[in-house]
Amino acid sequence: MFRSLGMTFRSATLALLTLWGAQEAEAQCEPEREAYFVMDARTGAALVEKDADARIQPASMTKLMTLLLAHEAIEEGLMSMDDRLYIANGTAERDDLERFSQWSGSIKLSDAMRGAAISSYNDLAATIAEFTAKARGAGNTETHFVALMNLRAKELGMDSTVFYNASGLPTPLIRTRNGGTTTRDLAILLKHIYDFHPDLVELLGTNEVKVKGRTLRNTNTLLRNDSIPDEDIFGKTGYTCDAGYALTAHTRRGERRVIASYVGAHNADEREEAFLEILNEAFGKLRAPDPKPEQPQSLPPNGPFDMTHFEDPFRQQKGPDEPDSCPGVLPEGFECIR
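1206 is the number of the first residue of the sequence shown in this note's numbering; add one for each residue after it.
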């Protein structure tokens, strides 16, 4: 009993220390760069950009791909919104704060997707990832899911993107030699969602929802900005030290629609101000909609996920100075660190 109490106290202490450390780090953080890309949502034509092809960290905007793959599996009948997911109290791929999950136990897939999309819960994103990978027959770990994420990114033309987990959460256990994405690629991802997945669009544009008795409010403050009607904006926020405060979102003015991806703000207010500025510039260039928009090009837009080129990530090429084993399983392009 005393051992159990000690373990509980230790877990709680680790969680509090991790939270305190995150707050301290946030105060000292300096984003790597400001970068953005805005496209015409109908045609995909570039409107405004700054360092749009510079490598950035996607932060929680990673969850756009996580939610897309889960939604596609649901559409194909591999999973159901009523399926129950069991949330582990931590794995080797999650940090101590995530191990002390307030969602421990079971949760419906529909609620897990709401929690990941609206309030950006990292543990729910990881749980969705494991469940989806298993449903696809790709494996039953988050790392197997990451391999699916990167395969899908290639199919969508996200040529500069390598995902490293399902949440976008930085982890001390692994680092990637070429991980990350670009604002251009994130805009491409959201355009695909806009073109083909209206149910996911609705979820990403939800301002507030109740899940398991608690009210979740969207991290995207533009949903509560009087200058933009609620029904005209959807997307996903993100934050890490490297990315700063970030947002990838769709919005419209009349019949004109744009998709914008932005990183590099120092706080949420600065993100909102900068995002509105680039929207104004983009809409200024988009005087009238194209009466004959190009047919969206995203392959495959619907139908079965193409597993032809799926590679099992349970492959570790041990170097002369590397340990015999790594915590968790690392996908291609990753290396073990201690």
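Each residue gets a CB set at the ideal place from its N, CA and C atoms; glycine is no exception.
Contact check for residue 1266 and residue 1358: beta-carbon distance about 13 Å, past the 8 Å limit, so the pair fails to qualify.
Take the alpha-carbon of residue 1309 and the one of residue 1460: they are about 44 Å apart.
The beta carbons of residue 1421 and residue 1319 sit about 7 Å from each other, so the pair counts as a contact at 8 Å. Cβ-Cβ separation between residue 1246 and residue 1463: approximately 6 Å, consistent with a contact (criterion under 8 Å). The C-beta of residue 1466 has 16 or more other C-beta atoms within 10 Å across all chains shown, which makes the residue buried. For the options 1385, 1451, 1281, the alpha carbon positioned closest to that of residue 1474 is the one of 1451. Looking at the DSSP output, residue 1311 sits in a beta bridge with 1291.
Each of 1329, 1429, 1355 was checked against the Cα of residue 1394, and the nearest Cα belongs to 1355.
Partner residues in the beta bridge of residue 1415, as assigned by DSSP, are 1420. As the crow flies, the alpha-carbon of residue 1236 is around 7 Å from that of residue 1470.
Distances from the alpha-carbon of residue 1486 to those of 1418, 1243, 1409 put 1243 closest.
Take the alpha-carbon of residue 1516 and the one of residue 1333: they are about 20 Å apart.
Within its own chain, the residues whose Cβ lies closer than 6 Å to the Cβ of residue 1283, once the five positions on either side in sequence are excluded, are 1340, listed in chain order. Here residue 1363 is buried. Its C-beta has 16 or more other C-beta atoms within 10 Å. For residue 1242, the enclosing beta strand (DSSP E) stretches over residues 1240-1245. When 1234, 1287, 1400, 1254 are compared, the shortest CA-CA separation from residue 1389 is found for 1254.
Exposure of residue 1419 is indicated by the presence of fewer than 16 other C-beta atoms within 10 angstroms of its C-beta. With fewer than 16 other beta carbons inside 10 angstroms of its own, residue 1482 counts as exposed.
Residue state for residue 1372 is assigned as coil, using DSSP reduced to three classes. For residue 1442, the uninterrupted beta strand (DSSP E) run begins and ends at 1439-1445, by DSSP. Residue 1252: member of the beta strand (DSSP E) spanning 1251-1255, first to last residue. The distance from the Cβ of residue 1427 to that of residue 1480 is about 7 Å, consistent with a contact at the 8 Å cut-off.
Per DSSP, residue 1259 lies in no beta strand (DSSP E) and is assigned neither H nor E. Boundaries of the beta strand (DSSP E) around residue 1462: 1461-1470.
Residue 1336 and residue 1441 have their alpha carbons spaced roughly 22 Å apart. Beta-bridge analysis with DSSP links residue 1457 to 1462. Residue 1450 carries a strand assignment under DSSP once its states are collapsed to helix, strand and coil. When only Cα atoms are considered, residue 1373 and residue 1387 end up about 14 Å apart.
Ranked by Cα distance from residue 1417, the options 1311, 1405, 1401 are led by 1311. Annotation for residue 1393: the continuous alpha helix (DSSP H) segment containing it runs 1388-1401.
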